[in-house]
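When we follow numbering that gives the first Met the number 0, the leftmost residue of the sequence shown carries the number 0, and every step to the right adds one. Where is the CB? At the ideal position from N, CA and C, for every residue including glycine. What you are looking at is a predicted structure, and each value in this text was computed from that prediction instead of being measured. Working notes for the structure below.
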Amino acid sequence: MIKFTPLNMSLDTAIKQHANTKCVVFACKDSFMLYFFRIIEHDVFTIYKPKGTMRWGDINVWLNVCSEDPYEERYYGMFLEHTQIITFFNKYKNRLSVHEKEILDYLIENKIIVKNGKYYRSMMNFGFIINNLSTDRIHKTVDGSESIVRHEYSHFLFRYEPKYKRAVNRLYKSTTAEYKQNLKKRFKIKQLGFSIEEWACYRIAQAKFKSYDKYLTKACKKEMNNLIKIFNSYYN
Ligand SMILES: [Zn+2]
0 MIKFTPLNMS LDTAIKQHAN TKCVVFACKD SFMLYFFRII EHDVFTIYKP
50 KGTMRWGDIN VWLNVCSEDP YEERYYGMFL EHTQIITFFN KYKNRLSVHE
100 KEILDYLIEN KIIVKNGKYY RSMMNFGFII NNLSTDRIHK TVDGSESIVR
150 HEYSHFLFRY EPKYKRAVNR LYKSTTAEYK QNLKKRFKIK QLGFSIEEWA
200 CYRIAQAKFK SYDKYLTKAC KKEMNNLIKI FNSYYN
């Protein structure tokens, strides 16, 4: 279980230490957009603003192109790799908002990021999880905010812990062709992009696709239990 400490009125944070990596978790109770809009979108936004000059007014451009929903309601949670975070802070280092600066300061204070001459660099590989608690509507529609953290944590493990990734791949490989086919269909119906990584996140962290376990062979079920055990050994 991840324990949070409050950073200020609208952001809680926790760091989960692994052997060679750290998982930084933010729970955002308010101002999700002000903290994370540019950090999350700067990669994609280079299509419209090639030189890394995204300004706050650009949110209107972004919303027109990408979404009709308010930004605060667009994501339940989010996982980012450290390379995306470092790229963002280097690109925007002279134009950070107070909210973004707060996140940067926290990462520096905890010796996750360091300033080396003109540029920031990471002290280690780290994952970055955001749990968006800023609108109630979101959390009434899914099975609780803890399942969001678990989902994103499964992304973290898949990217940074080879043992977990191997177990996920082994499980998927052990399923039948028919199971794989049905799974992909189900993802399509739910309008989710399919990947083995994403499937593991939904199966491990949330109730989605649990009912599919009845189609698993005995050997598969063993692999599934093994995977859940590995996940819990990191998470708990
Ligand atoms: Zn996901």
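Enclosing alpha helix (DSSP H) for residue i [first to last residue]
| i | result |
| --- | --- |
| Phe-157 | 144-159 |
| Tyr-105 | 97-108 |
| Lys-184 | 176-188 |
| Ile-85 | 81-90 |
| Ile-112 | Not the alpha helix (DSSP H): Ile-112 falls in the beta strand (DSSP E), residues 112-115. |
| Phe-230 | 217-234 |
Residue i versus residue j: straight-line alpha-carbon distance, rounded
| i | j | result |
| --- | --- | --- |
| Met-19 | Phe-127 | For clarity, residue 19 is Asn in the given sequence; the question names Met instead. Whole-angstrom Cα-Cα distance: 15 Å. |
| Glu-72 | Thr-134 | 7 Å |
| Ala-199 | Leu-191 | 13 Å |
| Asn-131 | Val-23 | 14 Å |
| Ser-153 | Ser-173 | 20 Å |
| Lys-15 | Gly-116 | 28 Å |
| Lys-221 | Leu-95 | 49 Å |
| His-41 | His-17 | 28 Å |
| Tyr-171 | Ile-129 | 27 Å |
| Phe-88 | Tyr-105 | 13 Å |
| Ser-232 | Asp-29 | 31 Å |
| Tyr-75 | Lys-217 | 34 Å |
| Lys-92 | Lys-114 | 11 Å |
| Lys-189 | Arg-54 | 34 Å |
| Met-32 | Thr-175 | 42 Å |
| Cys-27 | Phe-125 | 19 Å |
| Phe-230 | Arg-149 | 9 Å |
| Asp-212 | Leu-103 | 42 Å |
| Asn-235 | Leu-10 | 22 Å |
| Asn-224 | Lys-164 | 15 Å |
Cross-strand partners of residue i (DSSP beta bridge)
| i | result |
| --- | --- |
| Tyr-201 | The partner list for Tyr-201 (beta bridge, DSSP) is empty, contrary to what the question assumes. |
| Thr-20 | Asn-124 |
| Asn-130 | Ala-26 and Gly-76 |
| Ala-13 | Val-24 |
| Tyr-119 | Lys-114 |
Pick from the options that is closest to residue i, judged by C-alpha positions
| i | options | result |
| --- | --- | --- |
| Ile-107 | Arg-165, Ile-85 and His-41 | Ile-85 |
| Glu-145 | Tyr-201, Thr-175 and Thr-82 | Tyr-201 |
| Glu-177 | Lys-28, Tyr-214, Tyr-74 and Lys-21 | Tyr-214 |
| Asn-168 | Gln-180, Leu-95 and Leu-226 | Leu-226 |
| Asn-109 | Lys-21, Asn-93 and Val-148 | Lys-21 |
| Ile-111 | Tyr-163, Asp-212, Thr-82 and Met-223 | Thr-82 |
| Lys-179 | Asp-68, Ser-194 and Arg-165 | Ser-194 |
| Ser-210 | Tyr-234, Asn-181 and Asp-68 | Asn-181 |
| Glu-80 | Asp-68, Val-60, Asp-11 and Glu-151 | Glu-151 |
| Met-77 | Cys-219, Glu-197 and Lys-164 | Glu-197 |
| Phe-25 | Lys-90, Ile-147 and Tyr-70 | Ile-147 |
Discussion item. So, does the stretch 197-211 touch the stretch 112-125, judging by three or more C-beta pairs under 8 Å?
Written reply: The stretch 197-211 is not in contact with the stretch 112-125.
Item to complete: Determine, using beta-carbon pairs with one atom in the stretch 181-193 and one in the stretch 143-159, whether at least three such pairs fall under 8 Å.
Response: no
Worksheet item: Does the stretch 34-41 touch the stretch 95-110, meaning 3 or more C-beta pairs lie closer than 8 Å?
Response: yes
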